[in-house]
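Undergrad: Could you have a look at this structure, given as structure tokens, before my questions?
Structure follows, in structure tokens:
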């Protein structure tokens, strides 16, 4: 299931990269989702196994590493950033890992929605 969802989100980007950068033919939507499993390509999912344990039917070429974090450096934010953070809560619009076909159209839609709501 993870492979199918990943391919639905990234297959067109992968095929565009294959064609433009590598000069390769596209991978079909039938063969794409199971390619990593079929070819036993080593790969890692970066989520916590406490959140989603590794299924028993996944081979040894698949690992779940846990989340990745950078060491926190000493940091003193600028005064204007502190002022912003201490101000009213901003409106946040997030997309997670969604891949947009037309990001410019989505941006315009968001701006229009924000304008209409004040």
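In our numbering, the protein residues as written are 8 to 125. All C-beta atoms in this analysis are idealised placements derived from N, C-alpha and C, irrespective of residue type, glycine included.
1. Can you give me the C-alpha to C-alpha distance between residue 36 and residue 14, rounded to a whole angstrom?
2. DSSP three-state call for residue 71: helix, strand or coil?
3. Rounding to the nearest angstrom, what Cα-Cα distance links residue 82 and residue 26 in this structure?
4. Which word fits residue 40, buried or exposed, when buried means at least 16 other C-beta atoms lie within 10 angstroms of its C-beta?
5. Report the rounded CA-to-CA distance for residue 8 versus residue 38, giving the unit in angstroms.
6. To the nearest whole angstrom, what separates the beta carbons of residue 56 and residue 73, a pair I think is in contact under 8 Å?
7. So is residue 48 buried or exposed if we call it buried at 16+ other beta carbons inside 10 Å?
8. Taking all protein chains shown into account, do 16 or more other C-beta atoms lie within 10 angstroms of the C-beta of residue 18, making it buried, or fewer, making it exposed?
9. Using the C-alpha atoms, what's the distance from residue 21 back to residue 125?
10. Under 7 Å Cβ to Cβ from residue 10, same chain only, skipping five residues before and after it: list those, please.
TA: Answer, in terms of the structure:
1. 8 Å
2. strand
3. 43 Å
4. buried
5. 14 Å
6. 7 Å
7. exposed
8. buried
9. 39 Å
10. 40, 41, 43, 44
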